[in-house]
Structures are given as C-alpha cells and as structure tokens.
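**Q** Note that the numbering used here has the sequence shown beginning at 10, numbered continuously upward. The structure is given below, and queries will be raised subsequently.
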Amino acid sequence: MKGRHFSYYFLALGLISLGATVLFGFFAALQYVIHDFLKGTLDFSQMRPLHVTSAVSWIVLTATGGIYFYLSQREKVQLFQPWLGKLHLALYLITGICIYITYSLGLFGGREYFVFVPFLLIPILLGWVLFGINYFKSMLGSVKDWPVYYWMWGTGICFMTFHICEAHFWLFDFFRTDYLKDFSVTWKSYGSFVGSWNLLVYGTAIYLMARIKGDESVGRGKLAFFFYFLGLTNLMFGWAHHIYIVPIAKWVRYLSYLISMTEWIILIHIITTWKKSLSDSSKLKHVLAMRFLISADYWILGNLFLALLISIPALNLYSHGTHFTVAHSMGTTIGINTSILFASLSHVFYTNYNSSSSGSKAMAHWGHFLFNISLLVFLLILVWLGVNKSIWQYFGSDLSFSEFQDTQYSWFILFVIAGALLGISILWLVTLFLKYLFQKTDGATS
C-alpha cells in the first residue's frame with residue numbers, strides 16, 4: 010500500500026469495516042442463542058451499535074473512496090487539494106477508533122445510527138465539509154456538462170452533511186422537550202440520511218454502467234436525470250413512512266408511500282435497460298462487476314416487495330419493530346448497497362489487475378454465488394421470525410415474551426447458521442479485495 014493514492018486507504022478501511030460488521034453481527038446473533046455469550050464483556054447493548062456503526066462505515070467509506078478514485082485516477086480530474094482528502098481520511102480513521110473504544114467501554118450518548126457520544130460528531134461533520142470543498146472546487150469550472158452521477162455525488166455530499174446535523178437536533182431543548190417534534194424530526198433525519206448515502210451508492214452504480222458499456226449516454230439520458238430528481242424528491246419527502254405511528258395527516262402518509270415506491274422502480278428500469286444492451290465482449294471483460302450489479306437488480310425487486318408491504322399503514326402497524334423490518338433494512342444494506350459497492354471494487358481491481366490469475370477470479374465468483382444464496386436464506390428466516398412475532402404480539406397469545414422466545418429457538422439456530430454462511434462469503438470477498446490492495450501495484454499514487 011506504500012505510495013498508493015489515498016483513495017485506496019478509504020477502500021481498505023471500508024473493507025475492514027465490512028469485516029467488523031460481519032464479526033459483530035455474528036456475535037450478536039450468537040447472543041440470541043447463547044444468552045451468556047460475552048456477557049459482561051461485550052453485551053448485546055454494545056454489540057448492536059458496533060455492528061450498525063461498522064455497516065454504515067462500510068457504505069460511507071467505500072462510496073467515498075470510490076468517488077475519490079474514479080475522479081482522480083479514472084477521469085483524471087485534478088483534485089483541488091489532495092491533502093484535504095488525506096486529512097479527511099485521517100479524521101475518519103481517528104474518529105472511528107475513538108468510537109470503537111467508547112463503545113467497548115460502554116460509553117454512549119447518541120441515538121440509532123449515531124449512538125456514540127455527540128462530541129465525536131464534530132470531526133465527522135468536518136470530514137464531510139472537507140469532502141464537499143474538494144469535490145466542488147475540483148469539479149466546478151473544470152468539468153462541464155455534468156452527467157447524472159456527478160450530480161448525484163455532489164448532492165449526496167450536501168445532504169449527508171445536513172441530515173447528520175438534523176439527526177442531532179434533539180440536543181436542543183426546542184426539539185427535545187416536545188416528544189412528537191423530537192420523534193418526527195429524528196426519524197425523518199434517519200430516513201433522509203439513508204437516502205443521502207443512496208445518492209452516493211446509486212451514483213456509483215450509474216457511473217459503472219456508463220464505464221462498462223463505454224457509453225456516456227447512460228448517465229446523460231432523460232430517464233437517468235428523471236431518476237435523479239425522483240431520488241431527490243424521495244430523499245426530501247419520502248421519509249414519512251418511518252413515522253406512521255405518529256399522528257400525522259393521512260395525505261402525508263399517502264404521498265410518502267407513493268414517492269418511496271417509485272425510486273427503486275426507476276433504478277430497476279435503468280439497470281435492466283443497460284443490462285440488455287451490453288455487448289458480449291464488455292460482459293466478459295467486467296464479468297464480476299456485472300454480476301454484482303445484476304445481483305443488486307434482483308435484490309431491488311425483493312426489497313421493493315418488502316417495502317410495499319411495510320409501507321401500507323395497516324401492515325406497518327404489525328411489522329413495525331419486528332424482524333420483518335430488520336429483513337427490509339438488512340436486505341437493502343447488504344443486498345443492494347453492498348452488491349453495488351462490491352461491483353465498484355471489482356471494477357477497480359479487475360480493471361487495474363488484468364493479470365489476475367484465473368484461480369483468484371474463480372474464487373471471487375464462488376464468493377459471489379455463496380453471498381447471494383446465503384443472503385436469501387438469511388432474509389427469509391428474518392421475515393418468518395417477524396411474522397411469528399406479529400402473530401404473538403397482536404393476536405392474543407397467552408405466552409410471555411420469554412416463553413415466546415423459547416418457541417423460536419430452532420429458528421434462531423437456523424438464523425445463526427445462515428448468518429455464518431453469509432459472513433463467510435463476505436469475509437471471503439473482503440479477503441480477496443484486501444489481497445489486491447496490499448499486494449498489487451498499478452502506479453496510482455497520491
């Protein structure tokens with residue numbers, strides 16, 4: 010890694026975060042089955058934020074590293090100040106270490122995605138500001154007639170900065186002292202936060218489509234820009250299904266339901282149209298990246314079905330707070346975002362390293378296969394657990410919670426096994442990508 014462009018270090022940290030996500034998730038799953046596992050050392054109350062923070066870090070760091078890499082190494086855009094990117098990297102590395110240490114010590118203070126003590130928000134926000142300065146100063150004036158993925162990356166950076174701030178409005182008495190206001194703004198910010206990183210990830214997906222096909226029209230067509238504006242609309246107004254249990258106007262619920270359903274439909278159409286138009290030669294040249302993008306296409310379909318169900322207010326009442334919702338969020342995070350980011354990593358490495366052995370490529374393909382099969386089983390078990398809990402919770406079961414949990418024990422065992430297989434497939438791919446990062450050279454320097 011010595012002498013490498015700093016974007017590679019973002020990618021490396023992203024992969025390490027993904028490995029940590031798998032390990033913490035597996036340990037948390039074991040605690041469902043073996044209740045005394047790591048009790049007193051790393052309780053479930055600590056394991057969950059470690060898992061969630063690692064998962065968010067995987068998405069943010071890998072998407073950020075990909076953007077830095079594609080702009081400076083593929084598109085040959087001269088970064089405004091490369092040292093700002095290195096400072097951005099250093100801030101996130103140091104902050105990440107601090108977050109893990111505070112979690113391990115049982116020191117919390119935030120909420121949901123941001124459970125860490127609030128003062129650690131400062132370097133995170135500073136990192137996004139540095140990223141924004143570097144991005145817009147590099148692009149404005151030097152790059153004209155932006156394709157849609159440049160717009161998606163730019164607006165994603167801006168909205169990430171704002172919604173991270175919004176997620177901490179509860180620190181002010183004006184919001185914290187009003188329960189409904191606090192609840193609504195907090196959960197709105199989480200939905201928009203996810204929408205913001207989706208702009209970064211989906212922008213990467215469209216960039217990859219344009220490069221794999223060798224056709225700039227993929228990122229410049231009317232449909233691509235329609236999707237971009239629809240994504241912005243979704244980000245700003247499609248969050249209301251997160252707060253169906255809050256007394257809000259019905260038209261807000263219906264509008265948010267309609268908006269939230271359209272974003273994935275357009276993305277499916279874009280990917281499907283692109284996939285059909287690929288030439289055989291480009292399919293072979295970038296086969297692993299293509300496979301991961303096609304996987305993302307199928308996971309979008311599956312998660313769209315789940316989203317349709319839980320966005321119906323009558324069904325949302327029963328599914329809210331169960332494993333059904335977990336299946337939707339994990340299916341989105343792993344099936345869609347992780348597939349796209351794996352495609353991005355595959356494109357980076359298999360473009361640079363054309364001398365890769367057929368054996369290593371075969372291992373990557375087997376990792377891809379195991380990843381998708383184990384994820385399918387994993388999500389189906391979560392859905393079933395969610396259905397069972399809804400039945401127990403709302404349809405008059407006389408069982409106590411602990412008794413109900415005991416009846417689900419065999420499903421928890423299967424859940425752990427499926428999670429272990431999914432974890433193995435992810436760690437398999439993480440190991441292959443890290444091997445390229447640390448052992449190969451391609452002349453890309455800082």
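Ideal Cβ positions, reconstructed from N, Cα and C, are used throughout, including at glycine. Just so we're clear, the structure is a prediction, and the values are computed from it rather than from any experiment.
Considering just the uninterrupted stretch of the alpha helix (DSSP H) at residue 151, what are its terminal residues?
**A** Neither: residue 151 is in no alpha helix (DSSP H) and is coded neither H nor E.
**Q** Considering only C-alpha positions, which residue in the set 335, 443 and 403 is nearest to residue 394?
**A** Nearest C-alpha to residue 394: 335.
**Q** How would you label residue 447, buried or exposed, when you count the other beta carbons within 10 angstroms and need 16 or more for buried?
**A** Counting Cβ neighbours within 10 Å, residue 447 comes out exposed, since fewer than 16 surround it.
**Q** Give me the Cα-Cα distance between residue 176 and residue 252, rounded to the nearest whole angstrom.
**A** 15 Å
**Q** With three or more C-beta pairs closer than 8 Å as the rule, is the stretch 179-187 touching the stretch 95-108?
**A** no
**Q** With which residues is residue 123 paired in a DSSP beta bridge?
**A** According to DSSP, residue 123 bridges with 120.
**Q** From residue 192 to residue 151, what distance separates their C-alpha atoms?
**A** 43 Å
**Q** Can you tell which of 43, 396, 157 and 434 has its C-alpha closest to the C-alpha of residue 211?
**A** 157
**Q** So, under 8 Å CB-CB, residue 434 and residue 376 are touching, yes? Tell me the CB distance rounded to an integer number of Å.
**A** 6 Å
**Q** With a cut-off of 8 Å on the beta carbons, I'd call residue 355 and residue 297 a contact; round off their distance for me.
**A** 4 Å
**Q** Indicate the three-state DSSP secondary structure (helix, strand or coil) for residue 374 in the structure shown.
**A** helix
**Q** Spatial neighbours of residue 374 within its chain, please: CB distance less than 7 Å, with the 5 preceding and 5 following residues excluded, ordered by chain position.
**A** Within the same chain, residue 374 has close Cβ partners 297.
**Q** Which residue comes first and which comes last in the alpha helix (DSSP H) that contains residue 57?
**A** For residue 57, the enclosing alpha helix (DSSP H) begins and ends at 53-78.
**Q** Where do the ends of the alpha helix (DSSP H) carrying residue 86 lie?
**A** No alpha helix (DSSP H) contains residue 86, which DSSP labels as neither H nor E.
**Q** To which residues of the same chain is residue 122 closer than 8 Å at the C-beta, ignoring the five residues directly before and after it?
**A** 61, 62, 65, 176, 199 and 202
**Q** Report, in whole angstroms, the separation of the C-beta atoms of residue 432 and residue 31, which I expect to be a contact under 8 Å.
**A** 4 Å
**Q** Is it a yes or a no for the stretch 301-315 touching the stretch 206-224, going by three-plus beta-carbon pairs under 8 Å?
**A** Contact between the stretch 301-315 and the stretch 206-224 is present, because at least three Cβ pairs lie under 8 Å.
**Q** Which residue spans inside the stretch 162-209 form an unbroken alpha helix (DSSP H) run of at least 4?
**A** 182-185
**Q** By the 10 Å Cβ neighbour count, where 16 or more other Cβ atoms means buried, how is residue 133 classified, buried or exposed?
**A** buried
**Q** Grouping DSSP H, G and I as helix and E and B as strand, with all else coil, what is residue 344?
**A** Of the three classes helix, strand and coil, the one that applies to residue 344 here is helix, per DSSP.
**Q** If you draw a straight line from the C-alpha of residue 225 to the C-alpha of residue 154, how long is it?
**A** 11 Å
**Q** Less than 7 Å between the C-beta atoms of residue 430 and residue 353, yes or no?
**A** no
**Q** Do residue 277 and residue 162 have their C-beta atoms within less than 7 Å of each other?
**A** no
**Q** I'd like the list of long-range same chain contacts for residue 4, defined as Cβ closer than 7 Å, with 5 residues on each side in sequence excluded.
**A** A query on residue 4 cannot be resolved here, the shown segment of the chain reaching from 10 to 455 and no further.
**Q** Are the stretch 17-28 and the stretch 418-430 in contact at 8 Å, needing three or more beta carbon pairs?
**A** no
**Q** With 16 other CB atoms within 10 Å as the buried threshold, where does residue 308 fall?
**A** The Cβ neighbour count for residue 308, taken over all protein chains shown within 10 Å, is at least 16; the residue is labelled buried.
**Q** Between the Cα of residue 143 and those of 88, 165 and 255, spot the shortest distance and give me the residue it belongs to.
**A** 88
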